[in-house]
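Single-structure report; data block below.
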Amino acid sequence: MKRTSIIIVLLAVLFVSCEDLITEYNPSGLTAEAVYSTPEGFESLVNAAYGYQRWWYGKEEAYNISEMGTDIWTSAAGDVFPDLSQYINLQGTNSPLAAEWSALYAGVNLCNAGINRIEKVNFTPVVKAQREAELRFLRAFYYWHIVETWGGVHFTLEETKGIATTANKTPVETFYKQIFEDLQFATKNLANSTSDYGRVTKPAAMAFLARMYLTRGMFAEANNMASAVINGGFGYKLEPQYADLWKMSNNQNKEILYAVNYASNLTLNDLYNSGTNVTGHGRGSNNGHLHFLMKYDNLPGMLRDITYGRPFNRYMPTRFLLDLYADADSRYEGSFMEVWLANSGTRPAGMKLGDTAVIATRKAMTKPSGALYTLVDRNAIYNEDGTTKNNLVYPTLTKHMDPTRSSANEAQSARDAYVIRLAELYLIAAEAQMKLGKLDSAAININIVRTRAAKPGRAAEMQITPSQVTLDFILDERAREFAGEQMRWFDLKRTGKLLDRVKAYNPSAKAIQPFHVNRPIPRTQLDAVTNRDQFSQNEGYQ
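Numbering (our numbering), first residue to last: 19 to 560.
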């Protein structure tokens, strides 16, 4: 297919392999109608519908869309998409937006196919309701990413089996009407738990529905739904130590309501092109571990290794983000690394293996006379106005690192990509309660999250009072809790704070304009449609 259209050809056989979740069903010589009318074939359709989440979660393109161009991240030396990061000449030619558009609409099309065919499948009533609920959740999930990224663009509930050359512009309200309908169906019909890690459950759908209510300003509903997840007896709980969330040995833990899972057998993660891959190249495993790492492996005493990772040096924290963490807050040390220990056979004279070789710190420091390590402090990293002076060496986000990779240069990780954690439900409830004027309740929920974040013996320092609960405080708290977890851009857009906070706290992105609250429609999509007078580029873009 030479040109990219909004809806893809529905292939005869679709499957994606996921550890403990997806099984392959690939009968040769059968049509889609024949395959998807059987229980085995339909299971392959559902499994493939899950697979398109992997095009977003744990992938560079979507990290750039969802985290960059915000108040908390700025371009490091290796940033390859500065148009997204800095809003300079951002247009529909941006390749991450084109890749994600294709994948998200492919996911929607597969969900539409399954939802509209399921009545013909010989499932038991229980299984039929469960599978339809999964597909409806996924359709809502994909459509949320679409509508929040691009605004009121193409919308359909019908499967397209061939190339579509026309598209529609649909109001945002229509998207959300369907999102709510699908999620309400999902919450009524999904099981409370699953033995196939990665499948959506009732509490996960409830949690996502709470996020949707908050997004649309339905604060009473958001509070009620978030509280129902927290108090529903589903067995979820905050990890006692924030840093433990990111240990590979704790990849699947009781705080995670929903994750996009990756197989430890990396060959199962669609590294190479397959029939399910509409972008034309393999997506592979989680690659988040590459992008937030500073360039350490050319500094004295250091060489690239598995422990410190393969530094792509794409994104670095703004000074604003680093300054958000109080000294009593364990989330800084649980999220960032400031010290690198000598690991190279070639070292400065007097430096031993395991000695401190590099310090890159948010603090202002003076290097002691005779110290052998390289020191890069806040004043060497940032200028007085917060712009970056050194975009190679800086405190490094460690949440996505994976020391279990097979080699220092391995670009793929089996780390699951967390989508919804229980901590988010407390902060959803708090924000909704604040909007409802219930500041006491909001402070209680925020303090639950902050108590977990406190260093030993310092919980009292971390408590806030109701008078401190403001929208900006909650956004600061969400930055401390969720930095790098692919939701920041959406948080700022949802709260109407994107422009103000980017201009205030991210000097490299001050080119942002009001129209940037929607991304440009990919040029390939506009070139593929014949009704350009009706389906035109988003405002502000060419």
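C-beta: ideal position from N, C-alpha, C; glycine also.
Closest option to I136, judged by alpha-carbon separation, among S353, L232, E51 and L445: E51. Here the alpha carbons of G372 and I446 stand approximately 43 Å from one another.
For the beta strand (DSSP E) assignment, the uninterrupted runs of no fewer than 3 residues enclosed by the region 206–291 are, from N- to C-terminal side, 274–278. Checking the DSSP bridge columns, you'll see A378 partnered with V394. Cβ-Cβ distances below 6 Å link L156 to A67 and C129 in the same chain, with the five nearest sequence neighbours on each side left out; the list follows chain order.
When the five nearest sequence neighbours on each side are left out, the beta carbons in the same chain lying within less than 6 Å of the beta carbon of T233 are those of R512, in order along the chain. Beta-bridge annotation (DSSP): A435 is paired with V278.
L359: member of the beta strand (DSSP E) spanning V357 to L359, first to last residue. Secondary structure note for Y333: its beta strand (DSSP E) is the uninterrupted segment Y333 to P335. T92 sits in a strand when the DSSP states are folded into three classes.
Comparing alpha carbon positions, the residue from A238, A182, L393 and Q552 closest to A450 is A238.
When the alpha-carbon of N271 is set against those of L286, S282 and G253, the nearest one is in G253. 9 Å or more divides the Cβ of S362 from the Cβ of A378. Beyond the five residues adjoining it in sequence on each side, S348 comes within less than 8 Å, by CB distance, of Q259, Y260, A261, A471, A472 and K473 in the same chain, given in chain order. Take the alpha-carbon of N268 and the one of G352: they are about 14 Å apart.
Taken through DSSP and simplified to helix, strand or coil, T414 comes out as strand. If you draw a straight line from the Cα of E402 to the Cα of S526, it is about 13 Å long.
CA-CA distance, A522 to F508, rounds to 18 Å. Counting other Cβ atoms within 10 Å of its Cβ, G319 reaches 16 or more and is therefore classed as buried. Pairing N305 with R433, the inter-Cα distance amounts to about 9 Å. Taking a contact to require three or more Cβ pairs closer than 8 Å, the region 411–427 and the region 133–149 do not qualify as touching. Counting along the chain, P525 sits inside no alpha helix (DSSP H), nor does DSSP assign it H or E at all.
Within the model, the alpha-carbon separation for F198 versus L227 is close to 7 Å. DSSP lists T406 as the bridge partner or partners of Y400. Minimum Cα-Cα distance from Q543 among the listed residues S55, I83 and Q109 corresponds to Q109.
Residue nearest to N397 within the set H418, L340, Y444 and E85 is L340 (criterion: CA-CA distance).
With respect to A501, L390 sits apart: the two C-beta atoms are not nearer than 9 Å.
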